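Visitor: Just so you know, the sequences run in chain order W and R. Going letter by letter, the first sequence gives residues 732 to 1014 in my numbering. Going letter by letter, the second sequence gives residues 78 to 437 in my numbering.
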Amino acid sequence: MTNGYNFAYLDEQTKRMIRRALLKAVAIPGHQVPFGSREMPLPYGWGTGGIQVTAAVLGPEDVLKVIDQGADDTTNAVSIRRFFARTAGVRTTTHTTEATVIQTRHRIPEAKLREDQIIVYQVPMPEPLANLEPSRTEARRMHGLAEYGLMHVKLYEDITRYGHVSISYDYPVMVNGRYLMSPSPIPAFDNPKLNMMPALQLFGAGREKRLYAVPPYTEVRSLDFDDHPFRTTRAPHACGLCGATDSYLDEVVTDDRGGRLFVCSDTDHCETRRAAAGGGITP
Amino acid sequence: MAYVAVKGGEQAIDNAHAWLAEQRRGDASVPEIDLAQIAGQLGRAVDRVMAEGSCYDRELAALAVKQAQGDLIEAAFLLRAYRTTLPRFAASEPVDTARMLVQRRISGVFKDLPGGQVLGPTYDYTHRLLDFALAVGGTPPPAPQAEPDTETLPRVNDILAHEGLVEPDTAADAEPGDLTRDPLSFPAGRDLRLQALARGDEGFLLSLGYSTQRGYGNSHPFAGEIRLGEVAVEIVPPELGFPVDIGDITLTECQMVNQFAGSKTAPPQFTRGYGLSFGHAERKAMAMALVDRSLRADELGEDVTAPAQDVEFVLSHCDNIEATGFVEHLKLPHYVDFQSELETVRRMRADAAGLAEAAE
């Protein structure tokens, strides 16, 4: 479309291949579908999987939001948003409610997503069993047999050692009661949002060449035990800018004497709250 | 100190790129390097970028080297990213290296052989003394010329094959896979393994090949033959139905010959390891041949004990574009995850302190 490249960079054949893989992924929630991931003009690890998924689902009428760590203004989010503004010419936004497609790295927005929205996650390691079983061939077999005992043992060992599960991000989930899935490295705080989400959730891992999906209104359970139910953690503070007590907070170091400021990681959420409150609190 | 959000990302990126461009150009009073100089005088760098970038184009590879300030992995990445946008017209016929216009051809297993040993342009017997005359520059005296040898040189493996001493070269009938289009899955056939190794990182393959020589999956190799030269690339356009020469490429090919004690199904004989690389890249081709052979352990009924014999391990980690991406992505912000770890560690420390107090 611009600069001699096709709309949203990828050629139509490649987009079709990705869409086919996505359809399969939606049909088998939480199952990792191999796909012919392409080299993108951004490096592996920067979100090439998410970018390819976004490119495959994006239409000219879409409004795109890109966040990294919950923020619209982190350099990588800026870079990816610019990439699509340049190659697809789509409208971009920082407002969660305005966006039709949201590409994210490491967070789910605080605002509830809707049926008419798609959230695309950038995934570094799609295989939730990777740290327990490095061979993908073996892990694939374990998924096939729904043989997830190893992961339960890992959680059990955590509890016996620390009294609770020590996984604080990329916390494994069961999708639709069948497949163990990595929710991507979102904080465990965000895990409950995955469950019964009205929006379509797509996950892209470019380097590992895998796609997976959670269709709207699908049950997503964080792994736990009856006597040790899953629980989330957040910094026990209110946001220093908007005063929110229920959002996920970043810890900003303000000096070298232990000074800290806790602020919402979701910049749009924070700004919206401050605008509604007429400026909010100034630290 | 007031809280400064990470605002200004856009401006920061623009400024960073401007500084990078300035740094790339270097001292403006020094003449700018041009692509012909890079392609002509830094040819081995260009060869490596073409091989690992999986794209045979000296000019584009030279541009990538220039753009990447000589960072060859970055240059290979630039070339790969460009390559994916190119349409495919056709698949070539297999190139015939027996018909290579040879610049260099040596065998480590025979003193002499039909066609002879051809040393060619090699560093092998140079003394590695810094040549201070080169710092000044100048045109070297012309190399001695001879009539080009028009006879095709038989491949050493074909010579050995006459006696049945080396395993037959078995080309599968099936259409070879394409790992640039379809994701690699395991077990991976030799077609896909060779593809992955051909674009794999030279340093990684070199170390793995070296490890097989030091006992981690010993495969008793001999350099059956190394040849370097130009081969014709032919395609068969469907509307013509006969091969058409579309150009020549320079290749380095290495045939390793490996001892093999025999198994239940095969008599004792020599087995093969194969290496092929764009350009003049002997180290790469030889390392590739060593690793190719070690990856055949399973197929030949050998115990798989060493990293270089583990197909999934080698193929999953030999691509330097993937490797550099994932290693370097650690510099992207991870503060959300780190924050959750901070809270978890604080909680664990509080729990531990509580337990210690209770015990007192």
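We put the beta carbon where it would ideally sit given N, CA and C, even for glycine. None of the values given here were measured: they were computed from a predicted structure.
#1: Can you tell me whether residue 205 of chain R is buried or exposed, with buried defined as 16 or more other CB within 10 angstroms of its CB?
#2: If the criterion is Cβ atoms closer than 9 Å, does the pair residue 320 of chain R and residue 311 of chain R meet it?
#3: Taking CB distances under 9 Å as the criterion, tell me whether residue 732 of chain W reaches chain R.
#4: For residue 97 of chain R, decide whether its Cβ has a neighbour in chain W, counting only Cβ atoms nearer than 9 Å.
#5: Confirm, please, whether the CB-CB distance from residue 804 of chain W to residue 280 of chain R is below 9 Å.
#6: Against residue 982 of chain W, what residues of chain R qualify as contacts under a CB-to-CB distance less than 7 Å, listed in chain order?
#7: For residue 693 of chain W, does the count of other Cβ atoms within 10 angstroms reach 16, so buried, or fall short, so exposed?
#8: Grab the span of the beta strand (DSSP E) containing residue 343 of chain R for me, first residue to last.
#9: Assign residue 207 of chain R to buried or exposed, taking buried as 16 or more other Cβ atoms, counted over all protein chains shown, within 10 Å of its Cβ.
#10: Run down chain W in chain order and give the residues with a C-beta less than 9 Å from the C-beta of residue 252 of chain R.
#11: In this structure, how does DSSP classify residue 309 of chain R when only helix, strand and coil are distinguished?
#12: Can you tell me whether residue 922 of chain W is helix, strand or coil according to DSSP?
#13: Starting from residue 953 of chain W, trace the beta strand (DSSP E) both ways and give me its first and last residue.
#14: How would you list, in chain order, the residues of chain W whose beta-carbon sits under 8 Å from the beta-carbon of residue 158 of chain R?
#15: Starting from residue 351 of chain R, find everything on chain W with Cβ-Cβ shorter than 9 Å and list it in chain order.
#16: According to DSSP, simplified to helix, strand and coil, what is residue 300 of chain R?
#17: Which runs of the beta strand (DSSP E) at least 3 residues long sit entirely within the segment 788 to 817 of chain W? Give them in chain order.
#18: In whole angstroms, give me the CA-to-CA distance for residue 394 of chain R and residue 222 of chain R.
#19: Using only CA atoms, which one of R:99, R:134 and R:328 lies nearest to residue 115 of chain R?
#20: Roughly how far, in whole angstroms, is the beta-carbon of residue 351 of chain R from the beta-carbon of residue 332 of chain R, given that I think they are within contact range, below 8 Å?
#21: Suppose you measure from the CA of residue 111 of chain R to the CA of residue 152 of chain R; what does that come to, to the nearest Å?
#22: Check whether chain W comes within 9 Å of residue 263 of chain R, counting only Cβ atoms and requiring the distance to be less than that.
#23: If you measure beta-carbon to beta-carbon, which residues of the segment 937 to 967 of chain W are closer than 8 Å to chain R?
#24: Helix, strand or coil, according to DSSP, for residue 837 of chain W in the structure here?
#25: Residues of chain R with CB closer than 9 Å to the CB of residue 750 of chain W, please, in chain order.
#26: Taking the alpha carbon of residue 999 of chain W as the reference point, which residue from W:828, W:785 and W:877 has its own alpha carbon closest?
#27: Under the rule that 16 or more other beta-carbon atoms within 10 Å means buried, what is residue 96 of chain R, buried or exposed?
#28: Which two residues bound the contiguous beta strand (DSSP E) that contains residue 322 of chain R?
#29: Starting from residue 90 of chain R, find everything on chain W with Cβ-Cβ shorter than 7 Å and list it in chain order.
#30: If you check the beta carbons only, do residue 982 of chain W and residue 988 of chain W fall under 9 Å apart?
#31: By the criterion of Cβ-Cβ separation under 7 Å, what are the contact partners of residue 800 of chain W in chain R?
#32: Which class does residue 354 of chain R belong to by DSSP, given the choice of helix, strand or coil?
#33: Does any CB atom of chain W fall closer than 9 Å to the CB of residue 425 of chain R?
#34: Quick check: the Cα distance between residue 873 of chain W and residue 317 of chain R, rounded to an integer number of angstroms?
#35: With a threshold of 9 Å between beta carbons, is residue 389 of chain R in contact with chain W?
#36: Determine which residues of the segment 860 to 883 of chain W have a Cβ less than 7 Å from any Cβ of chain R, and write them out in chain order.
Guide: Inspection of the coordinates gives the following:
#1: Label assigned to residue 205 of chain R: exposed.
#2: For residue 320 of chain R and residue 311 of chain R, yes; Cβs fall inside 9 Å.
#3: Caution applies to residue 732 of chain W, whose pLDDT of 42 falls short of 50 and renders its modelled position unreliable; the model cannot decide the point.
#4: Under the Cβ criterion of 9 Å, residue 97 of chain R is not counted among the residues facing chain W.
#5: Against a cut-off of 9 Å, the Cβ pair of residue 804 of chain W and residue 280 of chain R comes out as no contact.
#6: Think of a sphere of 7 Å around the beta carbon of residue 982 of chain W: the chain R residues whose beta carbon falls inside it are 416 and 419, in chain order.
#7: Outside the shown range of chain W (732 to 1014) lies residue 693 of chain W, about which nothing can therefore be said.
#8: In the DSSP annotation of this structure, residue 343 of chain R is not part of any beta strand (DSSP E), being labelled neither H nor E.
#9: With fewer than 16 other Cβ atoms from the protein chains shown falling within 10 Å of its own Cβ, residue 207 of chain R counts as exposed.
#10: Within chain W, no residue comes near residue 252 of chain R; the closest Cβ sits about 16 Å away, beyond 9 Å.
#11: Three-state result, residue 309 of chain R: strand.
#12: For residue 922 of chain W, the three-state secondary structure derived from DSSP is helix.
#13: Counting along the chain, the beta strand (DSSP E) containing residue 953 of chain W begins and ends at 951 to 953.
#14: Chain-order list of chain W residues neighbouring residue 158 of chain R: 770, 771 and 772, by C-beta distance under 8 Å.
#15: Near residue 351 of chain R there are no residues of chain W at all, since even the closest Cβ is about 24 Å away, more than 9 Å.
#16: Correct three-state label for residue 300 of chain R: strand.
#17: Qualifying beta strand (DSSP E) stretches, in chain order: 794 to 799.
#18: Spanning the two alpha carbons is a distance of roughly 44 Å.
#19: For residue 115 of chain R, the nearest C-alpha among the options comes from R:134.
#20: Indeed, because the Cβ distance is near 6 Å, the residues count as touching under 8 Å.
#21: Roughly 16 Å between the two C-alpha positions.
#22: Judged by the 9 Å Cβ criterion, residue 263 of chain R is in contact with chain W.
#23: So the list reads 938, 940, 941, 964, 965 and 966, given in the order they occur along the chain.
#24: Residue 837 of chain W: coil per DSSP, three-state reduction.
#25: In chain order: nothing, as chain R lies at least about 16 Å away.
#26: Considering only alpha carbons, the answer is W:828.
#27: In summary, residue 96 of chain R is exposed, with fewer than 16 beta-carbon neighbours lying within 10 Å of its beta-carbon over all protein chains present.
#28: For residue 322 of chain R, the enclosing beta strand (DSSP E) begins and ends at 321 to 335.
#29: Under the 7 Å cutoff, chain W gives 806, 809 and 810.
#30: In this structure, residue 988 of chain W does not lie closer than 9 Å to residue 982 of chain W by Cβ.
#31: Contact of residue 800 of chain W with chain R by beta-carbon distance below 7 Å involves 410, 412 and 413.
#32: Note: residue 354 of chain R maps to strand in three-state DSSP.
#33: It does: the Cβ of residue 425 of chain R has a partner Cβ on chain W nearer than 9 Å.
#34: CA-CA distance, residue 873 of chain W to residue 317 of chain R, rounds to 50 Å.
#35: Output row for residue 389 of chain R: interface = yes.
#36: Flagged, chain order: 866, 867 and 868.
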